[in-house]
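In what follows, a structure is listed as structure tokens, so that the remarks can point back to it.
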Amino acid sequence: MPAPRIRQLRRDNTLFKLAMNTVRLHLEEHDRLAQQPQLREAPDDDLKVIQHSIDQWVGAATNYIAHRFRCPAPQAMQLLGELLVDLKRSIPVGELRQVPYQRALFLPPAWVTGQQLTSASSEESAS
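The opening position of the sequence shown corresponds to residue 6 in my numbering, with each subsequent residue numbered one higher.
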């Protein structure tokens with residue numbers, strides 16, 4: 006199976022949601038570091054929660070890409086990175102900020118266990 010194109014990744018609703026939450030948290034992280042540069046050296050608990058949430062969303066999105074498009078994890082990570090750059094470049098910051106911060110902060114429990122991602126991938130494969 007050839008590697009998916011960015012346009013194909015953007016059209017995948019599940020992946021788009023995962024990526025948008027990741028981008029929203031990257032904006033929040035950037036804002037906090039711009040306001041308090043000392044957090045780069047010694048992150049506070051809030052910044053650690055944001056960074057941990059980013060890691061969770063990235064992990065879920067990478068696993069989803071690897072499973073859905075049948076590609077190795079390094080390639081899935083590269084594709085996710087390209088998608089995130091594309092979203093940051095093409096969607097105005099005001100729209101990105103419309104993603105509720107509190108919703109983006111916590112991965113749904115079903116996604117943590119991988120149940121929802123697997124079922125969403127199976128549903129899309131069946132169609």
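The beta-carbon is built from N, C-alpha and C at its ideal position, and this holds for glycine as well.
If you're wondering where the values come from, they're calculated on a predicted model, not measured in any experiment.
Asked, Found
"Do the CB positions of LEU92 and ILE70 come within less than 7 angstroms of each other?", "no"
"Give the C-beta separation of ASN26 and VAL104 to the nearest angstrom, bearing in mind that I take them to be a contact with Cβ-Cβ under 8 angstroms.", "6 angstroms"
"I need the boundaries of the alpha helix (DSSP H) containing VAL28, first residue and last residue.", "18-40"
"Sorted by chain position, which residues of the same chain lie with C-beta nearer than 6 angstroms to ALA81's C-beta, five sequence neighbours on each side aside?", "THR67, ILE70, ALA71"
"With the cut-off set at 7 angstroms, would you say ARG29 and LEU52 are in Cβ contact?", "no"
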